[in-house]
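I have placed the structure first, in the form of structure tokens, so that the comments after it can refer back to it.
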Amino acid sequence: MKYTKFLFITFVFVAFMLTTAMARNSNAGNYIVVKGYDYTLYLYNSKGKLIKSYPVGIGINGMGKTREGDKKTPLGEYKIIWKASRFAKEDGGYFIQDGKAFCGPDNIFTTDPAIGYQEESLWTDGYGGDSAVVMCINYPNQSDKSKGYTGGCIEIHATLLGGIGECSSYGCIRMYPKDARELYNLVDSGTKVFIKK
2 MKYTKFLFIT
12 FVFVAFMLTT
22 AMARNSNAGN
32 YIVVKGYDYT
42 LYLYNSKGKL
52 IKSYPVGIGI
62 NGMGKTREGD
72 KKTPLGEYKI
82 IWKASRFAKE
92 DGGYFIQDGK
102 AFCGPDNIFT
112 TDPAIGYQEE
122 SLWTDGYGGD
132 SAVVMCINYP
142 NQSDKSKGYT
152 GGCIEIHATL
162 LGGIGECSSY
172 GCIRMYPKDA
182 RELYNLVDSG
192 TKVFIKK
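Just so you know, my numbering puts the end of the sequence shown at 198, numbered straight through with nothing missing.
Below, the structure written as structure tokens:
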């Protein structure tokens, strides 16, 4: 009888641990495809099944970023390297606080205003204001650098400035705040991002 009870408790414990691990890794394998001139971001699971699609805005000068300041959205295969949000206490990632949240050199997240780019102040309306949500991608990646491409701090982020469904950003991928937060909770750092025309 004691052995049966031990086996039952062991089974329940193992089942609980597996369920917890699966829930924690439910985003594992999800990937993003952005079709720039369709102004749409698609989220797929690891089996290639569409989970959700969202309207987006892209660079003022379209697609094909090659240099800092060209106001274009890059094309290629990237990955999310960090996430930051006003809701980080609930959703994870870096916390966006007024005056202490920036993208800086080499795509770092920083709370130091002396290091962070002022045009990359992540608490402003351009990033969603009180609903700010930011997912930074690794542009320029090694392939981009080998071609001499420059720039950085390209993100998928919320905005209160509009421009969804059009060429409106300085190169980032803009989303409605509600959509950006939903996406934020469906991806992890390391999630692949494929950006196409």
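Glycine included, every Cβ here is placed at the ideal spot set by N, Cα and C. All values derive from a computational prediction rather than experimental measurement.
Buried or exposed: which applies to Arg68, given that a residue is buried once 16 or more other Cβ atoms fall within 10 Å of its Cβ?
The sequence position of residue 68 within the sequence shown is 67, counting from 1. With fewer than 16 other Cβ atoms within 10 Å, it is exposed.
If you draw a straight line from the alpha carbon of Tyr32 to that of Ile138, how long is it in whole angstroms?
For the purposes of this step, residue 32 is taken as residue 31 along the sequence shown, with counting starting at 1. For the purposes of this step, residue 138 is taken as residue 137 along the sequence shown, with counting starting at 1. So the two alpha carbons sit approximately 13 Å from each other.
On a Cα-Cα basis, can you pick out the residue from Thr41, Val34 and Ala29 that is closest to Gly164?
If you number the sequence shown from 1, residue 164 lands on position 163. Looking at the Cα atoms, Thr41 is the closest of the given residues.
Tell me whether Tyr185 sits in a helix, a strand or coil according to DSSP, three-state version.
Looking up residue 185 in the sequence shown gives position 184. It is helical.
Inter-residue Cα distance where the pair is Asn28 and Ala133
Against the sequence shown, residue 28 aligns to sequence position 27. Against the sequence shown, residue 133 aligns to sequence position 132. One C-alpha to the other measures close to 21 Å.
Would you grab the beta carbon distance between Ala102 and Trp124 for me? Rounded to a whole angstrom, and I think it's under 8 Å.
If you number the sequence shown from 1, residue 102 lands on position 101. If you number the sequence shown from 1, residue 124 lands on position 123. Indeed they touch by this definition, with Cβ atoms about 6 Å apart.
Let me know the alpha helix (DSSP H) ranges lying completely inside the region 51-92, each 4 residues or longer, listed in chain order.
89-92
Report the rounded CA-to-CA distance for Asp180 versus Tyr118, giving the unit in angstroms.
Stepping through the sequence shown from its first residue, residue 180 is reached at position 179. Stepping through the sequence shown from its first residue, residue 118 is reached at position 117. The straight-line gap from Cα to Cα measures roughly 26 Å.
Sequence-distant residues of its chain with Cβ nearer than 7 Å to Leu44 (five each side left out):
Residue 44 sits at position 43 when you count from the first residue of the sequence shown. Same-chain partners within the cutoff: Asn31, Ile33, Ile52, Lys53, Leu184 and Leu187.
Does the Cβ-Cβ distance between Gly65 and Lys193 come in under 9 Å?
Position 64 of the sequence shown, counted from the first residue, corresponds to residue 65. Position 192 of the sequence shown, counted from the first residue, corresponds to residue 193. Cβ distance not < 9 Å, so Gly65 and Lys193 don't count as in contact.
Please name the residue in Lys72, Ile196, Pro56 and Gln98 whose C-alpha comes closest to that of Met176.
Within the sequence shown, numbered from 1, the residue matching residue 176 stands at position 175. The candidate whose alpha carbon is nearest that of Met176 is Pro56.
If we ignore side chains and look at the alpha-carbon of each, how far apart do Pro106 and Lys50 end up?
Working through the sequence shown from its first residue, we reach residue 106 at position 105. Working through the sequence shown from its first residue, we reach residue 50 at position 49. Approximately 36 Å between the Cα atoms of the pair.
Inter-residue CB distance, Ile109 and Met136 (contact presumed, cutoff 8 Å)
Locating residue 109 in the sequence shown gives position 108, counting from the first residue. Locating residue 136 in the sequence shown gives position 135, counting from the first residue. Contact doesn't hold; Cβ gap of about 14 Å is too wide.
Grab the span of the alpha helix (DSSP H) containing Ser200 for me, first residue to last.
A question about residue 200 goes unanswered here, because the residues of the chain that appear run from 2 up to 198.
Lys148 (DSSP reduced to helix, strand or coil):
Here residue 148 is taken as the residue at index 147 of the sequence shown, counted from 1. Coil, per DSSP.
Under a Cβ-count criterion, where at least 16 other Cβ atoms within 10 Å of its own Cβ denotes burial, should Ala22 be classed as buried or exposed?
Position 21 of the sequence shown, counting from 1, holds the residue named residue 22. Confidence is the limiting factor: at Ala22 the pLDDT is only 38, short of 50, which leaves the residue's position unreliable, though a coordinate-based value still follows. Ala22 should be labelled exposed.
Tyr95 beta carbon less than 9 Å from that of Lys84:
By one-based count along the sequence shown, residue 84 stands at place 83. By one-based count along the sequence shown, residue 95 stands at place 94. In contact: Lys84 and Tyr95 (Cβ atoms closer than 9 Å).
Straight-line Cα distance separating Lys48 from Ile97
Residue mapping note: residue 97 aligns to position 96 of the sequence shown, counting from 1. Residue mapping note: residue 48 aligns to position 47 of the sequence shown, counting from 1. Rounded to the nearest angstrom, the two C-alpha atoms are 33 Å apart.
Quick check on this structure: which residue in Gly60, Ser86 and Tyr150 has the alpha carbon closest to the alpha carbon of Ser169?
Sequence index remark: in the sequence shown, residue 169 carries index 168 (1-based). Taking only the C-alpha atoms, the option nearest Ser169 is Gly60.
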